[in-house]
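Numbering follows UniProt numbering, in which position 120 of the sequence shown is assigned residue number 120; successive positions increment by one, without gaps.
Okay, so here's the structure we're looking at.
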Amino acid sequence: ELGIDCSLRSLQDDVIVAGPTAQMVNDGLDALIKVVRSFGFECRDSKVQRATDHLVFCGHMISGREIGLPLLTPCPQRRDLSSAAFEAEWETFVKKCKSSSARLKFLRKWAGVFQWFGHWLEDRDQDALRCLNGVVKKLLNNDAIEDAQWKEVSVAWHVLAQSFMRGLTPLYLGRCIATLVVTDSNVQSWYGAILGVVILNADSACPALFPELEERLYNVSPCDDIFPMPPSGMTYRVLPVRLCGGVWKKREQLRSSTWRERGAQLQCVSENLDALRGDRVISLNDNANLCKTWRDVQGDFGYASEPYAGVWIKRWELFEAYVDKCVWLPREVDALRWTDMSARRLADNDLGSDVAGEVKVLPVRADDSSTRLDVDDGTKREVDGIYDQLTVPEEKMHSIMVAFSGKDSYEEAMVWLSSQQKEDEQLAKIRDSCEKDRKESRQFCLEED
């Protein structure tokens with residue numbers, strides 16, 4: 001309304017004003033202070049910083065863009081954010097934190113610090129943060145932690161510290177005309193990126209991070225264009241706004257690839273609702289099935305198939321409410337290739353207890369009572385976990401049937417099973433009883449008619 005060209009971004013009780021010129025920023029700041037005070041809030045002049053090229057916020061220095069995209073680099077004046085300080089903290093943890101309570105207090109504190117920057121962390125860093133949080137959870141539950149896992153904690157700590165010090169992934173915090181949700185999934189993990197679409201002056205625009213995707217925004221074909229051609233002298237830029245990802249649970253790893261792709265979509269949107277800005281929210285993916293109508297949402301994510309179906313149904317409702325369109329693009333497009341590689345790195349980095357391995361089926365004859373399965377405890381837990389979920393893949397059932405019958409193929413095993421059933425006296429009695437019940441129920445229906 002005031003004609004001031006600036007953007008506002010609030011983070012808890014702090015507000016950042018950004019604009020093309022110092023005059024615009026100061027005018028926007030004055031208008032903001034006036035509005036805040038009109039609601040009865042106090043705004044101390046001593047805590048207000050006027051237009052500047054550099055701003056220190058939450059320990060990081062934010063620089064005004066001159067050439068390219070800036071990194072959020074640690075502020076050099078902050079001692080507690082230096083590399084030496086990180087090493088000193090870790091040395092304190094190793095030498096002085098001997099009890100479980102002391103280690104828990106230390107790790108909870110720093111896991112919280114790194115968690116605040118969770119949406120800035122790339123795949124390897126997110127995996128390190130997950131390792132830290134996993135140990136915190138075990139300490140809270142008074143679970144024993146092996147020496148090998150403490151070594152993983154050390155590696156995760158230094159990965160996060162190095163990421164913190166070299167500068168975090170730059171995320172766009174300004175005004176987006178639309179939001180792109182890019183996700184990808186594999187058997188073990190998923191990854192997602194919230195991308196913002198902005199229109200900039202072509203002469204002074206920052207370098208393109210995703211040139212192939214930007215070209216396809218309006219240069220695919222007349223019927224497939226995502227956006228119209230930009231105005232003369234202007235260009236689209238696609239900039240990252242949020243990063244997220246995770247590892248599938250054992251039950252989810254047994255679902256179909258399309259289910260996991262859809263699940264990645266639902267989780268990415270539901271976890272980043274506050275980052276969905278602009279007139280349109282568009283989901284991009286490399287699976288054509290995700291662009292089709294979900295005819296059986298209740299069957300895919302409903303109460304009959306999932307123990308926590310209410311959570312998935314809620315995520316689906318949010319997806320339906322916020323996402324305007326699903327668009328297929330080939331995996332070779334740079335943004336989709338990036339999310340695919342990130343998901344694969346998450347899987348490679350986290351092959352822990354949450355990943356379901358292949359179950360080995362040994363050839364055991366049913367008529368040989370002396371034969372016993374000699375498997376390790378880990379394999380036994382995996383088998384028990386699969387059967388506890390009451391969901392066994394069809395190919396595993398086929399292999400079990402073949403091994404049980406001693407035949408060479410599944411078809412031969414089924415023929416053998418049929419002959420065994422015909423010769424079994426108990427099964428014959430059950431069939432006779434079922435046939436009798438069927439005839440009686442049919443007779444009852446005829447009398448009712």
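Think of the CB as a built atom: it goes at the ideal place given N, C-alpha and C, for glycine as much as any other residue.
Computed from a predicted structure; not experimentally measured.
Quiz item: To the nearest whole angstrom, what separates the beta carbons of Leu239 and Ile226, a pair I think is in contact under 8 Å?
Solution: That belief does not hold up - the Cβ atoms of Leu239 and Ile226 are roughly 16 Å apart, past 8 Å.
Quiz prompt | Beta-bridge partners of Met234, as assigned by DSSP | solution = Answer is Asn201, bridged to Met234.
Practice problem: Could you have a look at Tyr218 and say whether DSSP puts it in helix, strand or coil? | Solution: coil
Practice problem: Grab the span of the beta strand (DSSP E) containing Asn289 for me, first residue to last. | Solution: Looking at the DSSP string, Asn289 is not in any beta strand (DSSP E), and its letter there is neither H nor E.
Self-check item: Rounded separation between Lys429 and Ser418 - CA only
Solution: 16 Å
Quiz item: Does the pairing of the segment 240–252 with the segment 154–166 give three or more beta-carbon distances under 8 Å?
Solution: no
Practice problem: On the DSSP bridge assignment, give the partners of Pro240 in chain order. | Solution: In the DSSP output, where bridge partners are listed per residue, Pro240 has Leu195.
Quiz prompt | Contact belief for Val181 with Val323 at Cβ below 8 Å, rounded distance in angstroms | solution = Confirmed, about 7 Å.
Exercise. May I ask which residues mark the beginning and end of the beta strand (DSSP E) holding Ile16?
Key: Asp14 to Ala18
Quiz item: How do the segment 183–193 and the segment 254–271 stand: do at least 3 beta-carbon pairs fall below 8 Å, yes or no?
Solution: yes
Quiz item: Assuming Leu160 contacts Phe114 under a Cβ cut-off of 8 Å, what Cβ separation, rounded to an integer in Å, is found between them?
Solution: Rounded, the Cβ-Cβ distance is 5 Å, consistent with contact.
Quiz prompt | C-alpha distance - Leu274 paired with Trp116, whole-angstrom precision | solution = For the record, residue 274 in the displayed sequence is Asp; it is not Leu. Taking the straight line joining both Cα atoms gives about 15 Å.
Quiz item: Going by DSSP, which residues form a beta bridge with Leu180?
Solution: Leu195 and Ile282
Quiz item: Between the segment 245–257 and the segment 276–284, do three or more beta carbon pairs fall short of 8 Å?
Solution: no
Quiz item: Leaving out five residues before and five after Arg280 in sequence, what residues of the same chain have Cβ atoms less than 6 Å from its Cβ?
Solution: Ala178 and Asp324
Quiz item: Exposed or buried, what is Asp125 when buried is set at 16 or more other beta-carbons lying within 10 Å of its beta-carbon?
Solution: buried
Exercise. Kindly indicate which residue of Cys131, Met401 and Asp143 has the alpha-carbon position closest to the one of Ala156.
Key: Cys131
Quiz item: Can you round the beta-carbon distance between Asp5 and Pro20 to whole angstroms, since I take them to be within the 8 Å contact cut?
Solution: 6 Å
Exercise. Pick helix, strand or coil for Val327, following the three-state DSSP scheme.
Key: strand
Self-check item: Proximal residues to Ser189 (C-beta, below 6 Å), its chain only, five neighbours per side dropped
Solution: Spatial neighbours of Ser189 in its own chain (CB-CB distance under 6 Å, excluding positions within 5 residues in sequence) are listed in chain order as Val247, Ala343, Leu346 and Ala347.
Quiz prompt | Pairwise C-alpha distance: Val56 and Trp110 | solution = So the alpha carbons of these two residues sit roughly 20 Å apart.
Practice problem: Please report how far the alpha carbon of Ile62 lies from the alpha carbon of Ala51, in whole angstroms. | Solution: 13 Å
Exercise. Could you tell me the distance, in whole angstroms, from the CA atom of Leu107 to the CA atom of Val136?
Key: 7 Å
Quiz item: Across which residues does DSSP place Trp190 in a beta bridge pair?
Solution: Ser185 and Gly246
Exercise. For Leu329, I'd like the list of residues in its chain whose CB is within less than 7 Å of its CB, leaving aside the five on either flank, ordered along the chain.
Key: Arg216, Leu284, Asp286 and Leu336
Quiz prompt | Other residues of its chain near Asp368: CB distance less than 7 Å, five sequence neighbours each side excluded | solution = With a pLDDT of 39 at Asp368, under the threshold of 50, the predicted position of this residue should be treated as unreliable, and no value is reported.
Exercise. Please go through the same chain and pick out, in chain order, the residues whose beta-carbon is closer than 7 Å to the beta-carbon of Asp27, but skip the five residues on each side of it.
Key: Ile4
Practice problem: Determine the direct distance from the alpha carbon of Arg262 to that of Ser256, and round the result to whole angstroms. | Solution: 10 Å
Quiz item: Which residues bound the beta strand (DSSP E) around Leu8?
Solution: Ser7 to Leu11
Quiz item: Quick one: is Asp432 buried, meaning 16 or more other Cβ sit within 10 Å of its Cβ, or exposed?
Solution: Residue environment analysis places Asp432 among the exposed positions, since fewer than 16 neighbouring C-beta atoms fall within 10 angstroms of its C-beta.
Practice problem: Hey, could you find the ends of the alpha helix (DSSP H) Phe114 is sitting in? | Solution: Run containing Phe114: Ser100 to Trp116, per the alpha helix (DSSP H) assignment.
Quiz prompt | Per-residue burial, Arg37 [other beta carbons within 10 Å of its own, 16 or more giving buried] | solution = exposed
Exercise. Name the two residues that bound the continuous alpha helix (DSSP H) containing residue 478.
Key: There is no way to answer for residue 478, as the model of the chain reaches only from 1 to 449.
Self-check item: DSSP state of Val333 mapped onto helix, strand, coil
Solution: coil
Quiz item: Excluding sequence positions up to five away, which residues of its chain have a Cβ less than 8 Å from the Cβ of Cys176?
Solution: Within the same chain, Cys176 has close Cβ partners Gly196, Val197, Val198, Val241, Arg277 and Gly278.
Quiz item: With 16 other CB atoms within 10 Å as the buried threshold, where does residue 450 fall?
Solution: Only positions 1 to 449 of the chain appear in this structure, which leaves residue 450 out of reach.
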